[in-house]
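In my numbering, the protein residues as written are 18 to 245.
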């Protein structure tokens with residue numbers, strides 16, 4: 018197996034781990050990815066992934082040994098996405114940027130979004146602002162898609178900008194922006210926090226892969242509803 022094919026399998030397994038949280042995903046250099054968990058949902062999910070994820074943009078995701086989900090309140094997540102004008106921090110114009118995917122999906126569903134990235138430029142044809150301070154007008158929420166080392170500083174910037182709520186996106190194989198430190202600082206600063214989950218699980222209409230992802234999380238108790 019060539020290096021390029023092996024790299025593609027690693028990216029595919031990273032996508033699998035995002036959907037099949039809690040079940041280890043392994044890549045054998047000669048036989049490809051496989052799911053180690055015994056869950057029937059995992060087996061079904063693997064079939065779903067094999068048929069639907071071939072063209073998804075997961076290049077930046079490594080293969081994790083395991084994923085530890087963070088419980089998410091579905092009502093809070095839905096309310097966040099309906100709260101008004103949202104900043105997507107960390108989105109770039111790269112075709113394989115998951116931040117761009119989130120940005121485009123929200124925009125397509127009528128959510129008013131603005132992109133923020135230190136490099137500026139554009140994202141999906143829209144102006145990308147170098148910092149939150151460069152964004153004119155009110156912001157009602159911020160979706161943070163940065164690495165763990167940068168997340169605490171971004172949380173402080175969100176609070177300083179007067180944004181009342183924050184969504185800390187969890188990466189595959191690591192905490193991403195949803196590091197314990199970032200969550201703790203956000204709560205200390207009085208922000209409403211949605212930690213961990215992918216916004217596309219709660220953006221209607223939910224696509225096939227994210228619908229299954231949400232089902233897996235609910236079955237395992239990782240998605241709850243505060244309204245019962």
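Think of the CB as a built atom: it goes at the ideal place given N, C-alpha and C, for glycine as much as any other residue.
Keep in mind it's a predicted model, so treat the numbers as computed, not measured.
Query                                                                                                                                        : Result
Using the C-alpha atoms, what's the distance from residue 180 back to residue 207?                                                           : 10 angstroms
Could you check what DSSP says for residue 260 in three-state terms: helix, strand or coil?                                                  : Residue numbering for the chain in the displayed model covers 18 to 245; residue 260 lies beyond these limits and cannot be assessed.
Pull up the CB-CB distance for residue 142 and residue 184, whole angstroms please, since I reckon it's below 8 angstroms.                   : 23 angstroms between Cβ atoms; not a contact.
Would residue 211 be called buried (16 or more neighbouring beta carbons within 10 Å of its own) or exposed?                                 : buried
Taking DSSP's pairing of strands, which residues face residue 185 in a bridge?                                                               : 161, 212
If you count every other CB in all the chains shown that lies within 10 Å of the CB of residue 42, and 16 or more means buried, which is it? : Bear in mind that the predicted position of residue 42 carries a pLDDT of just 39, short of 50, making it too unreliable to give a figure here.
For residue 90 and residue 219, I'd like the C-alpha separation in whole angstroms.                                                          : 11 angstroms
Does the beta-carbon of residue 112 have 16 or more other beta-carbons within 10 angstroms, so that it is buried, or is it exposed?          : exposed
Of all the beta strand (DSSP E) runs that stay within the bounds of the segment 81 to 152, which reach a length of 3 or more residues?       : 103 to 106, 130 to 133, 143 to 146
Using the C-alpha atoms, what's the distance from residue 182 back to residue 230?                                                           : Low local confidence applies: a pLDDT of 44 at residue 230 is under 50, so the model's placement there is unreliable, with the coordinate-based value given in what follows. Approximately 24 angstroms, taken between the alpha carbons.
Quick one: is residue 115 buried, meaning 16 or more other Cβ sit within 10 Å of its Cβ, or exposed?                                         : buried
Once the 5 residues before and after residue 203 are set aside, which same chain residues still bring their CB inside 6 angstroms of it?     : 172, 183, 210
With a cut-off of 8 angstroms on the beta carbons, I'd call residue 105 and residue 144 a contact; round off their distance for me.          : Wrong, their Cβ atoms sit about 13 angstroms apart, outside the cutoff.
Using only the alpha-carbon positions, how far apart do residue 201 and residue 146 sit?                                                     : 27 angstroms
Can you tell me whether residue 193 is buried or exposed, with buried defined as 16 or more other CB within 10 angstroms of its CB?          : buried
By the 10 Å Cβ neighbour count, where 16 or more other Cβ atoms means buried, how is residue 215 classified, buried or exposed?              : buried
Excluding sequence positions up to five away, which residues of its chain have a Cβ less than 7 angstroms from the Cβ of residue 117?        : 108, 109, 110, 111, 140, 141
By how many angstroms is the C-alpha of residue 102 removed from the C-alpha of residue 95?                                                  : 14 angstroms
What three-state label does DSSP hand residue 173 in the structure shown?                                                                    : helix
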